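>
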Amino acid sequence: MSNYSEIEKKWQDYWEENKVFKTDIHDFSKPKYYALDMFPYPSGQGLHVGHPEGYTATDIMARMKRMQGYNVLHPMGFDAFGLPAEQYAIKTGNHPSTFTEKNINTFKKQLKMLGFSYDWDREISTADPKYYKWTQWIFKQLYLDNLVEEVDMPVNWCEELGTVLSNDEVINGKSERGGYPVVRKNMKQWVMKITEYADKLIDNLDEIDWPSSTKELERNWIGRSYGAEISFKVSGTDYSFVVFTTRCDTLFGATYCVLSPEHELVNLITTDEYKDEVQKYIDECSKKSELERTSLNKEKTGVFTGSYAINPVNNKKIPIWIADYVLATYGTGAIMAVPAHDDRDYDFAKKYNLDIIQVLEEETGVPHENELKKESIVAIIYDKNKDKYLTINWHNKGGRLFVGGTIKEGESAVDCAIREIKEETGYTDISLIETLPRINHHYYAYNKDKYFNIESTGLFFKINSDKREKQNLDSDEEFDVEWVDKDTIEKEVKDQLHYKTYEYSINPGAMCDDGIHINSEFLDGLDKEDAINKMYNYLEDNGYGKKKVNYRLRDWIFARQRYWGEPVPVVHMEDGSIKVLDDSDLPLILPVMEDYKAHGGMAPLDNAIEWKNVTINGMKGIRETSTMPGTAGSSWYFLRYIDPDNDKEFANYELLKHWMPVDLYLGGPEHAVGHLLYARFWNNYLYDKGLSPVKEPFQKLVHQGMILGPNGEKMSKSKGNVINPDEMVKLYGADSLRLYEMFMGPLSADKPWNPNGIEGSKKFVDKVYRRFNELEIVEDDTPFIEKMYHQTVKKVTEDYESMSFNTAISQMMIFMNELNNKNSINRNYAEGFIKLLNPICPHITEEIWNTVLGHNNTIAYEKWPDFDIDKTIENEKEIAVQVNGKVRATIKINISDNEDTIKEKALKEDNVLRHIANKEILKIIIIKNKIVNIVIK
RNA sequence: GCCUGAGUGGCGGAAUUGGUAGACGCACAGGACUUAAAAUCCUGCGAGAUUCAUACCUCGUGCCGGUUCAAGUCCGGCCUUAGGCACCA
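Numbering-wise (this note's numbering), the first sequence opens with residue 454 and increments by one.
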């Protein structure tokens, strides 16, 4: 069989002419199954080889469910608005719809060529006025419910594309499409308040069957964080500002505040002395693009305003700075800085020499009753030239430590350290690099038989010269002073306190871990969680602040300065009011134009003079000329498939109630924070309005992986590793392509294309077709492959159900291998097998069903084969016999064998006997039907 | 830096949830059929040692350690890689 083009054409025509896959949407008598693919953007390139992967997977599920007696909804459509069609229009002067229609036709032809069982009567195009009428209608509802607003705001403006982009369309400060630079710019924009649904969008994730990685991605993207808003008064003024923090427990450690450069208070509180410097800084920041502010701006910058804030818990005056590491768009645009416990604040404080106050310390060792308290130091002394550290080796009397000691009364930590270093090691020419975070340490001193709890301050010194004085040691101090390298320290310093101090010294920075509060009055002694809760209450009781939840998610900018999108159905009236179109005026149709190009930062529709100028009730007005973003139409299309021709409402509620949610939604993982989030938002909104019957539209979501080129790299024209599906179908047939793409590996993994692999898949298809034509179909029950058949039905059914198509195919190959050298098969098994294969290879199975098995109807609705679990069980089994966990023999057992029989069989094996000879048998472990393990000594 | 995955023969990948690692396929090698080729069928195929050849033995699922009679699978610590986020307070 060289190819299957005739057979495939024959059945594709049959399905189409007989409308085999048309769904009777009103038939509620059977259970429903809604299998949905993410609809494609009909690009000029046509289908690529990645499309059929996901589409085949859903098609398999749809076909199996039909045979299992479900009423299946399996539609397809096109996400037809988009940039390439617009660029085509600009270039040729033709309406983008001609280009789009042409592409849609190509896609449809290709999809039909692959044999997908779509109900084409439900086809949708988002660019069809019959469809976008309802996109506009939903927009209108959102507008009326105040979830869409026109606001003046900083947006991502892309000069090259001449339009505003949403956050998910900007990647590293460049446009997703084309990679052009994106800058911040203030513009009047339509904004959809997705943030109002942030909680629902996070919380509902618990209820749906999605990949955990995708859920996590959405959670992170929404970025909910719990914290507090705290109000700070500006010293000597009536002004105050509010900061957001997730760590209100560290308020006693706040040593300065930072306002974002755009903060409204900046101009009001900056003192005359600092005006020039502040203004200069603000100007610099505003000139920076998003790109410069993020990726190029690792080094923190900022300026002092000259003003001070009052810390509400202790009335301390702390300086107010402005810095662009504080974002205007998150929280309140102002922070309290706690450099001891926040990395960013730490960097900034170090750079500008601001105070650092530790309010949390780590606890090491195990607490004990009746501990004696004392204050002490651990000194790390570093020799830069030799890259070595000064240690004291107590050998078996305490191991390797750094210099340590107890602080005497009236002595500072640094003085103590200098004294101890001199006494214990004799070195005197040292200088302090850094004071390290304090540690709370519990230990037991053997020589004194006492438990201690010490407050230890770490001090990091460098040595300047070898100048050394005589050590001053007590009689019991017997140790060696040794310079050692990092490796030795990591291996030999076991004491937790000393090792932790060392870690602080090599890795200076903020202490962000949990610990015990210090220097924090009423929080002292509490851990992080308790301290946060206590502080919440304190703030609220005293009116200093309140609990607050913040989100990283930004509102959805819902306008593009483009032509080829849904017109926004509003008119800006002469008197400044905004008028939404009446339902009877929908759809608002895109006008045909002579010039599709945008001019001077305006939207293309600004050129449609006649279209945009309107008079409503005697008042003049101008239509909104920006259009909706590409993700608008795809945010509700799954609802429209259920009732695609309804011109009274977007979809009938009773139908939605029966058919929603989507039982299986399949598409690429790249849509996690774009399409999927927007679609969930709209559907949740429609649910709240009582217009959609379910909160979450997609009950189960599965991502297909990417198909890579034969070289393991992403397919691209420039790399010349693109595989064309048309060519594959021409060479091997649609069934072989479908089979191969499912056999390549797990559906959601990225997999390289192997040209030999599809040949192998075709060989299997050939084999099935050839063998079924050769084999005699026996009408009576000849059970010679009974076990294999039932095992195959079980495995394939279960693997399809879990979408493990590669292993299902493997089992069908095993079944076919079993038929090698056989010349007959009984009818039940033959028909059962063909049904199992049908979802993957629908064409040749229809053909075999018809010509070999002699049926006149389609196989598509035949009953899915059953298996008998008793007939899948092997009576005889080969199991391994291990001696001390190593396989030494295999024995044949009968599943009815009892343990004694199995033991007896195992101990008869020569090789087993050889390994246990002259050894004592400790025990024999027998796991029924699995393994025997003989443990010897 | 943070959050997810992933790491198994020459290659794509299996492994019933702790129980014979490498199913199935590809590639490769040998054989049968054929005048020959293709197609098909049969056999072998992780590495190493040993042997005329078997049998048998050792090692082996990214690395190091642990738990267990038994670890690809569980625990701790790393490394590499893909994707996402990235001053989010």
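Glycine included, every Cβ here is placed at the ideal spot set by N, Cα and C.
Bear in mind that the values here come from a model prediction, so they are computed numbers and not experimental data.
DSSP state of residue 1171, grouped into three classes?
coil
> In whole angstroms, what is the alpha-carbon distance linking residue 521 and residue 476?
15 Å
> Tell me which residue opens and which closes the alpha helix (DSSP H) that residue 936 is part of.
No alpha helix (DSSP H) contains residue 936, which is instead part of the beta strand (DSSP E) from 933-937.
> From the DSSP output, in three-state form, read off residue 1076 for me.
strand
> Say yes only if the C-beta of residue 1133 is nearer than 7 Å to one or more non-hydrogen atoms of the ligand NAD, and no if none qualify.
The ligand NAD is absent from the structure shown, which contains no ligands of any kind.
> Residue 1394 and residue 1014 look like a contact to me (Cβ under 8 Å); what is the Cβ gap, rounded to whole Å?
Within the shown structure, residues of the chain are numbered from 454 to 1390, placing residue 1394 beyond reach of any answer.
> Just mark residue 498 as buried or exposed, buried being the case when its beta carbon has 16 or more other beta carbons within 10 Å.
When all chains shown are included, residue 498 counts as exposed.
> Considering only residues of the same chain and omitting the five flanking positions on each side of residue 1318, which have a CB-CB separation below 6 Å?
1246, 1285, 1288
> Looking at the structure shown, is residue 1223 part of a helix, part of a strand, or coil, going by DSSP?
helix
> Within the same chain, show all residues whose beta-carbon is closer than 8 Å to that of residue 1034, passing over the 5 residues directly before and after it, in chain order.
Annotation for residue 1034: 589, 593, 1022, 1023, 1024, 1041 place their beta carbon closer than 8 Å to its own, counting only its chain and skipping 5 residues before and after.
> So residue 956 packs on residue 846, CB below 8 Å; how close in whole Å?
That pair is no contact at about 20 Å.
> Would you check if the segment 1114-1130 and the segment 1150-1170 touch, i.e. whether three or more CB-CB distances between them fall below 8 Å?
These segments touch.
> Below 8 Å between beta carbons: does that hold for residue 685 and residue 762?
yes
> How would you label residue 1056, buried or exposed, when you count the other beta carbons within 10 angstroms and need 16 or more for buried?
buried
> Check for me: the alpha helix (DSSP H) holding residue 582 runs from which residue to which?
582-597
> Quick one: which unbroken alpha helix (DSSP H) runs of 4-plus residues sit fully inside the segment 715-797? Chain order, please.
Runs of the alpha helix (DSSP H) inside the segment 715-797: 719-722, 728-740, 743-747.
> For residue 498, name the three-state secondary structure that DSSP assigns.
coil
> How far does the beta strand (DSSP E) with residue 677 in it extend, from its first residue to its last?
677-687
> Which residues in the same chain as residue 667 place their Cβ atom closer than 6 Å to its Cβ, once the five residues preceding and following it in sequence are excluded?
1125.
> Tell me the DSSP secondary structure of residue 710 in three-state form.
strand
> Count the other CB atoms within 10 Å of the CB of residue 1314; is the residue buried (16 or more) or exposed (fewer)?
exposed
> Which residues does DSSP pair with residue 1250 in a beta bridge?
Looking at the DSSP output, residue 1250 sits in no beta bridge, so it has no partner there.
> Ends of the alpha helix (DSSP H) at residue 1129?
1128-1141
> In whole angstroms, give me the CA-to-CA distance for residue 839 and residue 893.
Taking the CA atoms as reference points, residue 839 sits about 31 Å from residue 893.
> Leaving out five residues before and five after residue 1009 in sequence, what residues of the same chain have Cβ atoms less than 6 Å from its Cβ?
645, 647
> Judging by CA-CA distance, which residue of 752, 717, 758 is the nearest neighbour of residue 733?
Comparing alpha carbon positions, the residue from 752, 717, 758 closest to residue 733 is 758.
> Rounding to the nearest angstrom, what Cα-Cα distance links residue 811 and residue 664 in this structure?
C-alpha separation (whole angstroms): 41 Å.
> Between residue 1048 and residue 1080, what straight-line distance do the alpha-carbon atoms span, to the nearest angstrom?
Taking C-alpha positions only, residue 1048 is separated from residue 1080 by approximately 16 Å.
> With distances taken Cα to Cα, identify the nearest neighbour of residue 773 among 1222, 1063, 718, 780.
Comparing Cα positions, the closest option is 718.
> Could you have a look at residue 958 and say whether DSSP puts it in helix, strand or coil?
helix
> In the DSSP assignment, the alpha helix (DSSP H) including residue 542 goes from what residue to what residue?
Residues 536-545.
> Taking only runs of the alpha helix (DSSP H) that begin and end inside the segment 1028-1099, which ones reach a length of at least 4 residues, in chain order?
1062-1065, 1090-1093
> Assess contact between the segment 1276-1283 and the segment 1214-1228, defined as three or more Cβ pairs (one per stretch) separated by less than 8 Å. Is contact present?
yes
> Where does residue 1263 sit, in a helix, a strand or coil, going by DSSP?
helix
> Are the CB atoms of residue 1186 and residue 1197 nearer to each other than 8 Å?
no
> The alpha helix (DSSP H) with residue 869 in it runs from where to where?
866-878
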